[in-house]
Every structure is written in C-alpha cells, then in structure tokens.
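Q:
There are 2 protein chains.
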Amino acid sequence: MSVRALKPLKETQTRILDVAEELFMQHGFEGASMRMLTAKAGVNLAAVNYHFGSKDALVEAVFRRRLDPMNAERLAELERLEQEAAGKALTPQAIIRAFIGASLRMIEDTRGGGRTFSRLLGRAYTEPAKSIRQLIGRMYAPAMERFKAAFVRALPELPKDELVWRMHFMFGTLAYTLAATDTVQLIAGAKPEDRYDARVLEDRLTAFMSAGLLAPLPGAQQVRIAA
Amino acid sequence: MSVRALKPLKETQTRILDVAEELFMQHGFEGASMRMLTAKAGVNLAAVNYHFGSKDALVEAVFRRRLDPMNAERLAELERLEQEAAGKALTPQAIIRAFIGASLRMIEDTRGGGRTFSRLLGRAYTEPAKSIRQLIGRMYAPAMERFKAAFVRALPELPKDELVWRMHFMFGTLAYTLAATDTVQLIAGAKPEDRYDARVLEDRLTAFMSAGLLAPLPGAQQVRIAA
DNA sequence: CTATCATTCAAACGTTCGTTTGAAATCGAG
DNA sequence: CTCGATTTCAAACGAACGTTTGAATGATAG
Chain A
1 MSVRALKPLK ETQTRILDVA EELFMQHGFE GASMRMLTAK AGVNLAAVNY HFGSKDALVE
61 AVFRRRLDPM NAERLAELER LEQEAAGKAL TPQAIIRAFI GASLRMIEDT RGGGRTFSRL
121 LGRAYTEPAK SIRQLIGRMY APAMERFKAA FVRALPELPK DELVWRMHFM FGTLAYTLAA
181 TDTVQLIAGA KPEDRYDARV LEDRLTAFMS AGLLAPLPGA QQVRIAA
Chain B
1001 MSVRALKPLK ETQTRILDVA EELFMQHGFE GASMRMLTAK AGVNLAAVNY HFGSKDALVE
1061 AVFRRRLDPM NAERLAELER LEQEAAGKAL TPQAIIRAFI GASLRMIEDT RGGGRTFSRL
1121 LGRAYTEPAK SIRQLIGRMY APAMERFKAA FVRALPELPK DELVWRMHFM FGTLAYTLAA
1181 TDTVQLIAGA KPEDRYDARV LEDRLTAFMS AGLLAPLPGA QQVRIAA
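Quick mapping for you: the protein sequence lines, in order, are chains A and B. The numbering of the first sequence is my numbering, which starts it at 1 and goes up by one. The numbering of the second sequence is my numbering, which starts it at 1001 and goes up by one.
Below you can see the structure in the form of structure tokens.
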C-alpha cells in the first residue's frame, strides 16, 4: 500500500475526472475528445469506457462529483441558519448568501480544480444538449425547492410568480458570473482574475441580488434607493 | 423574375441561415452537422461551403445578420433619448430599457426566427469556442462603450469599477433570461412560454436590474426597499 | 442560338470521432 | 508461489465529420 500509493499519484478515475473537468471547460463537451482527454490524463484510450462506461457517463460523473456535495452544503447552511433563527424568519440576504456561498467558495479553490468546475458549471446551464440540461435540473431540484420555500417565508407579501421570476434572474446573474471568469469581456475596464476575491464578490453579488429581489413591484412607485 | 421568385421560395443563402440559426440553437455549433443542416434546408451539402466558405464563416454570418442591426437599434434608441433629454441626464431605467428593448422585441418575433436567435445568442456568451466569444465581443464592443458612458453620466456618484461589475451582473441576467426560454427549468413553478410577453418581461427585467444597479454600496446601510 | 457566368449536384476526399476487442500486465487473497 | 479478478494496453471497428472536386444544370447577355 505504501508503494501502491506512489505509482499512479492519483487513481486513474480521479485523474480522468480532473482532466475531463478542465478540457470540458476549455473546449466544451463535444469539443473535448476522448483522445485529447486520455492523452492528457496519461491513461489508455479505453480507460474512460472501462471505468465510466461511456463519454456521456463521464460527463455525468464530472458533475456529480462536485455538485452533490455543493448542494448538500447549501442545504446544510440553510438549515443551520433556520435552526439559529429558531422560528424567526430569515432575511433575504442571509438566504442569498447561503445559496451563493458554496459557489463562491468553489471559485477560490484554485488548486483542487474547483474554480475550473465553477466555470464549467456556469456554462452548463445554457448547454444545448438536452441530456446535460436535464441532469443539471435533476441535481438542483431539491435544493431549489427548499430555497424557494425559504424565500416565501422571508417575503410572504411577494407574489409567488414574481418570486419565481426573481429567483430566475438571480440564478442567471450567478450563472453568468461563474461562467464569465474567463469568457467574453464585453465591458471594457472589467478587472482580470485578481478581482475574483470570493469575499468581495459575495458582497457585490449579495448587494445586487437582494436589491433586485426586493425591488418595488411594477405597480408601486418609489424607485430610487441610494446614489 | 416572376417565375424566378416562386421557385426557391427564399434564396439559398437565406434558407441556410434560417436553418442554421435553428439547428445551432438546438444542438450547438459543433452538434449541428453540415449534413443535418443542408438536408433540413433542402440544399446540397456543398452549398454552405460555396456560399459562405466554411462552417465557421456560416456561424459568423448567422450572428452578423441579426446582431449588427440589433446593436444599431440600441444605439439609435439611446441617441434618441439623449436628444430628447437635451443635455439633462437620463434615468438609469431609461438606459436599461434602451438596452434590453432590442433583445426583448426579438423574443416576440416568433415568425421571423428572432426568438430562435435570442436563445442562441443567450447561449453564445458562454460558448467554449474562443473564436465565437471573440466574435460576440467584437460585435458588442461599440454599443457597450456607449452604454457605459451613458450610465456614468446618469450615476456620477457610483464608482467606475462598481458600475462595471453591476453592468456585468445586468448583462448576465439578460443573457440567462434570453437563453433559458427553453432551458433548464430549475425552479418549479416557472411559467411556460405563454409568460414570455415582451412587455411584461421588460417591466420585470427593468425593475430587477435597476434595483440591482442602484443597490446601496457595501459600506452603506439601508437595505429594505419595499415589501 | 450561343457563349458565359453562377449555381447545384453526386461522389469522394482524408480525418477524427466514440467504442469495442482480446491479449498482456498487474493485483490481492489463499 | 499460484490463481482468479481487475486493470491496462495496442489495435482496429464502423460511422460521421467538414471539405473538395469536376461535371451537370440553370440563367443571362450578345
């Protein structure tokens, strides 16, 4: 076992998953070929099919490895907050932080590949392949349900369908922010990587999202908030 | 010319562009093959290479056909508003509407394929292929510059880098909303297509975005807006 | 009608794709 | 050390990819 641990550095499966994460992010799921992937991982071409069954199954494994723990973390954090509040309603800001925190902590994980996965994840939401979208949808469903319930409790006066729209918008903001760590620099002057400090980003995102979530309803007046 | 107009219904090039738009949206740029595409368009396999040169050039043509007029429309609207204001600063809401209006009007164009293009566009922002991201970036750059300047004039007290972040967030919200017309339904209860009335969506987006844009700075207090 | 140009067409090009195969190598338990 | 199971390997599979070719067809001007 002592020698065993030295030879392959990491197990073949882990090595494949790490490289797949990176190449899927760089070239997309179709663009990253099995030959690229296995060559970079230093494993035989047949290894993916042997260990995972198929390329599609590999894609699923890549997501499952990170997404399941991430959503579990989200739910645990939300539950912790609710326990602490002891019956009292949570603030929308606290709920938002519980949701985006897990994503942002992953951005900071430069060594473990978490950051790579973040970008990949941000892209996956708009992936054309239906199978991937369905996979993501299934993995998020339970967490989404719980967070929606938490928002309803925090904002009982906000109409349900308005809430659903605003959650939709919030999710879009987060997804794009995750994906765009490296994507189109549409706005000149946008900072390079160094600005991706998770703490600062969390504050900025929370400020933007909670303001959007609490925006006056179309009917209402009062628009100005601060200047 | 009278008989000429009846035979191909539409010119070959237009027919290819229409089908390409649809298939790129459904299957992605790599996923939609030339054989699929030309078969569905009812043209010969070689027609794409004859008329456009290559598949990559076709992708560019698909974007250019819609994006150039769209950004021109955005800029014209912004200029119109500024002329009307005659020196006075525009409200952030007005600037936001000028920007998202063109996108939303395209969503309503169900017949002409504008809606298809909207979804495609929403996805393209997070496309892995660098060439496509650069293409989009180049096409947006001039409009982005002008709108950024407009926001600076409307919100002189807002620090520049804070503005850039918030424009980034706003753009993410819009992009995801465009792309997700048909994507992952992450939040149960989200309405199907019928809710995509551009007028209502524009009000909702503007409310969310302008609240986010005007959110209190991290330092400030005052969080609650409405309930 | 004829000559000229643009367009369409069927066929084939070479490459790369994901997957499969059966033998070789490596492993852990008895 | 031996045996059975697990893992790795080189090689090949058929299918699909984007592109090219040269001949056939169409329309147009002299």
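Backbone N, C-alpha and C define an ideal beta-carbon position, used for all residues, glycine too.
1. Could you say which of B/ALA1180, B/MET1167, B/ARG1035 and B/LEU1104 lies nearest to B/ARG1123 if we only look at CA atoms?
2. Closer than 8 Å by beta-carbon distance: list the chain B residues that pair up with A/GLU30, in chain order.
3. Could you give the uninterrupted runs of the alpha helix (DSSP H) lying entirely in the stretch 78–149 of chain A, keeping only those of 4 residues or more?
4. Please determine, among B/LEU1135, B/GLY1053 and B/GLN1026, the residue with the shortest C-alpha to C-alpha distance to A/ARG133.
5. Please report the distance separating the alpha-carbon of A/GLY151 from that of A/ALA143.
6. Using a Cβ-Cβ distance under 8 Å, would B/THR1038 count as near chain A?
7. Rounded to whole angstroms, what is the Cα-Cα separation between A/PHE119 and A/PHE171?
8. Is it buried or exposed for B/ALA1084, if we count other Cβ within 10 angstroms and need 16 for buried?
9. Between B/LEU1037 and B/ALA1061, is the Cβ-Cβ spacing less than 8 Å?
10. Could you name the residues of the stretch 66–89 of chain A whose beta carbon sits closer than 8 Å to any beta carbon of chain B, in the order they occur along the chain?
11. Apart from the five residues on each side of it in sequence, which residues of its chain come closer than 6 Å, Cβ to Cβ, to B/MET1106?
12. If you compare alpha carbons, which of A/GLY42, A/PHE52, A/ARG66 and A/GLY212 is closest to A/ASP109?
13. May I ask you to report which of helix, strand or coil DSSP gives A/GLY268?
14. Helix or strand or just coil, what does DSSP make of B/ALA1032?
15. Tell me whether B/ILE1069 sits in a helix, a strand or coil according to DSSP, three-state version.
16. My output table needs one value for B/ALA1154: the three-state DSSP class, helix, strand or coil.
17. If you compare alpha carbons, which of A/GLY212, A/ARG74 and A/LEU45 is closest to A/ILE95?
18. Does the beta carbon of A/GLY228 come closer than 8 Å to any beta carbon on chain B?
19. Just curious, the alpha helix (DSSP H) that B/VAL1043 is in, first and last residue?
20. Which residues of chain A have a Cβ atom closer than 9 Å to the Cβ of B/PRO1142, listed in chain order?
21. Which residues in chain B sit within 8 Å of A/THR177, going by Cβ to Cβ distance?
22. Would a check of beta-carbon distances place A/ARG153 closer than 8 Å to chain B?
23. I'd like the span of the alpha helix (DSSP H) that includes A/LEU174, first residue to last.
24. At least one CB of chain B closer than 8 Å to the CB of A/ARG199: is that the case?
25. To the nearest whole angstrom, what separates the beta carbons of B/LEU1178 and B/LEU1205, a pair I think is in contact under 8 Å?
26. Are the Cβ atoms of B/PHE1147 and B/GLY1212 separated by less than 8 Å?
27. Does A/ARG204 get closer than 8 Å to chain B when you measure Cβ to Cβ?
28. On a Cα-Cα basis, can you pick out the residue from A/PRO128, A/ALA207, A/VAL164 and A/TRP165 that is closest to B/TRP1165?
29. Using the three-state DSSP reduction, which class does B/PHE1052 fall into: helix, strand or coil?
30. Using a Cβ-Cβ distance under 8 Å, would B/ARG1123 count as near chain A?
31. Name the chain B residues that come within less than 8 Å of A/ALA129, Cβ to Cβ?
32. Taking DSSP as the reference, what is the three-state secondary structure of B/ASP1018?
33. Is A/VAL43 buried or exposed, if buried means 16 or more other CB atoms sit within 10 Å of its CB?
34. Kindly indicate which three-state DSSP category A/LEU201 falls into: helix, strand or coil?
A: In this structure, then:
1. Translated into positions along the second sequence, residue 1123 of chain B becomes position 123. Comparing Cα positions, the closest option is B/ALA1180.
2. Counting from one through the first sequence, the residue named residue 30 of chain A turns up at place 30. The contacting residues are GLY1028, GLU1030 and GLY1031.
3. Complete alpha helix (DSSP H) runs here, min 4: 92–108 and 114–124.
4. Numbered from 1 along the first sequence, position 133 holds the residue referred to as residue 133 of chain A. Nearest option by C-alpha distance: B/GLN1026.
5. In the first sequence, the residue the question calls residue 151 of chain A occupies position 151. In the first sequence, the residue the question calls residue 143 of chain A occupies position 143. The sequence shown places Phe at residue 151 of chain A, rather than the Gly named in the question. Taking the straight line joining both Cα atoms gives about 12 Å.
6. In the second sequence, the residue the question calls residue 1038 of chain B occupies position 38. Taking 8 Å as the CB threshold, B/THR1038 stays off the interface with chain A.
7. Numbered from its first residue, the first sequence carries residue 119 of chain A at position 119. Numbered from its first residue, the first sequence carries residue 171 of chain A at position 171. Here residue 119 of chain A turns out to be Arg, not Phe, going by the sequence shown. Rounded to the nearest angstrom, the two C-alpha atoms are 14 Å apart.
8. Taking the first residue of the second sequence as 1, we reach residue 1084 of chain B at position 84. At residue 1084 of chain B the sequence reads Glu, which differs from the Ala that was named. So B/GLU1084 ends up on the exposed side.
9. Locating residue 1037 of chain B in the second sequence gives position 37, where the first residue counts as 1. Locating residue 1061 of chain B in the second sequence gives position 61, where the first residue counts as 1. Taking 8 Å as the Cβ cut-off, B/LEU1037 and B/ALA1061 do not qualify as a contacting pair.
10. In summary, no residue of the stretch 66–89 of chain A has a CB separated from any CB of chain B by less than 8 Å.
11. The residue you call residue 1106 of chain B lines up with position 106 of the second sequence. GLY1114 and SER1118.
12. The sequence position of residue 109 of chain A within the first sequence is 109, counting from 1. If you compare the alpha carbons of A/GLY42, A/PHE52, A/ARG66 and A/GLY212 with that of A/ASP109, the shortest gap goes to A/ARG66.
13. Past the boundaries of the shown model lies residue 268 of chain A; chain A is included only from 1 to 227, so the question cannot be answered.
14. On the second sequence, position 32 is the one that residue 1032 of chain B refers to. Of the three classes helix, strand and coil, the one that applies to B/ALA1032 here is coil, per DSSP.
15. Position 69 of the second sequence, counted from the first residue, corresponds to residue 1069 of chain B. Correcting the residue type first, residue 1069 of chain B is Pro in the shown sequence and not Ile. Residue state, collapsed to three classes: helix.
16. Your numbering for residue 1154 of chain B matches position 154 in the second sequence. In this structure, B/ALA1154 counts as helix in the three-state DSSP scheme.
17. The residue labelled residue 95 of chain A in the question sits at position 95 within the first sequence. That would be A/ARG74, whose Cα lies nearest to the Cα of A/ILE95.
18. Outside the shown range of chain A (1 to 227) lies residue 228 of chain A, about which nothing can therefore be said.
19. In the second sequence, counting from the first residue as 1, residue 1043 of chain B sits at position 43. Careful: B/VAL1043 lies outside any alpha helix (DSSP H) and carries neither H nor E.
20. The residue given as residue 1142 of chain B occupies position 142 in the second sequence. Chain A residues near B/PRO1142: none, gap ~11 Å exceeds 9 Å.
21. Counting from one through the first sequence, the residue named residue 177 of chain A turns up at place 177. Within chain B, the residues near A/THR177 are HIS1168, PHE1169 and GLY1172.
22. The residue you call residue 153 of chain A lines up with position 153 of the first sequence. Against chain B, the CB of A/ARG153 has no partner CB under 8 Å away; the residue lies outside that interface.
23. Mapped onto the first sequence, residue 174 of chain A falls at position 174. Unbroken alpha helix (DSSP H) run through A/LEU174: 160–179.
24. Within the first sequence, residue 199 of chain A is the residue found at index 199, counting from 1. For A/ARG199, the answer is no, since every Cβ of chain B falls outside 8 Å of its Cβ.
25. Reading the second sequence from its first residue, position 178 is the one you call residue 1178 of chain B. Reading the second sequence from its first residue, position 205 is the one you call residue 1205 of chain B. At roughly 10 Å, the Cβ-Cβ gap does not stay under 8 Å, so B/LEU1178 and B/LEU1205 are not in contact.
26. In the second sequence, counting from the first residue as 1, residue 1147 of chain B sits at position 147. In the second sequence, counting from the first residue as 1, residue 1212 of chain B sits at position 212. Not closer than 8 Å, so no.
27. On the first sequence, residue 204 of chain A is found 204 positions in, with the first residue counted as 1. For A/ARG204, the nearest CB of chain B lies under 8 Å from its own CB, placing it at the interface with that chain.
28. The sequence position of residue 1165 of chain B within the second sequence is 165, counting from 1. In terms of Cα proximity to B/TRP1165, the closest of A/PRO128, A/ALA207, A/VAL164 and A/TRP165 is A/ALA207.
29. Taking the first residue of the second sequence as 1, we reach residue 1052 of chain B at position 52. In the three-state DSSP reduction, B/PHE1052 falls in the coil class, being neither helix nor strand.
30. For the purposes of this step, residue 1123 of chain B is identified with residue 123 of the second sequence, where counting begins at 1. Yes, contact with chain A.
31. Counting from one through the first sequence, the residue named residue 129 of chain A turns up at place 129. Those are HIS1027, GLY1028 and GLY1031, listed as they occur along chain B.
32. Position 18 of the second sequence, counting from 1, holds the residue named residue 1018 of chain B. B/ASP1018 falls in the helix class under three-state DSSP.
33. Taking the first sequence and counting its residues from 1, one reaches residue 43 of chain A at position 43. So A/VAL43 counts as buried.
34. Start at 1 with the first residue of the first sequence, and residue 201 of chain A comes out as number 201. A/LEU201 sits in a helix when the DSSP states are folded into three classes.
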